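Following: one structure in structure tokens, then a few remarks.
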């Protein structure tokens, strides 16, 4: 069995041959980004962190560990858990790239999702 390949990239990054399926994991469409300018196979709005959690976090690197813990708890909610399972099925079919509008993808919700899908969290 092949390991699940999940990448994290910025929405603005150009698509590459190794990307596989490209999925946006933001609640809102990023301002200033034309939808026609992006290579995208899906948009999983329901997997985004709650507005409350996102506002609290504010992409503060010092809060990332607690953000990740709280976000994992949110992902156990039934609707989000179902969406996560659909994403897991996509990842099982080949490479998956999770796209974020964050300026710091390694400390974004996409990074947390990638860890979960890779079986690391």
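Residue numbers (my numbering): 3 to 123.
Glycine included, C-beta positions come from ideal geometry on N, C-alpha and C.
Since the structure is predicted, the reported quantities are computational estimates derived from the model, not experimental observations.
- Of the residues 44, 37 and 39, the one whose Cα lies closest to the Cα of residue 23 is 44.
- Annotation: residue 105 to residue 12 spans about 7 angstroms, alpha carbon to alpha carbon.
- Between the C-alpha atoms of residue 7 and residue 62 there is a straight-line separation of about 27 angstroms.
- Closest option to residue 49, judged by alpha-carbon separation, among 84, 41, 19 and 68: 84.
- Remark: C-beta atoms of residue 47 and residue 29 approach each other more closely than 8 angstroms.
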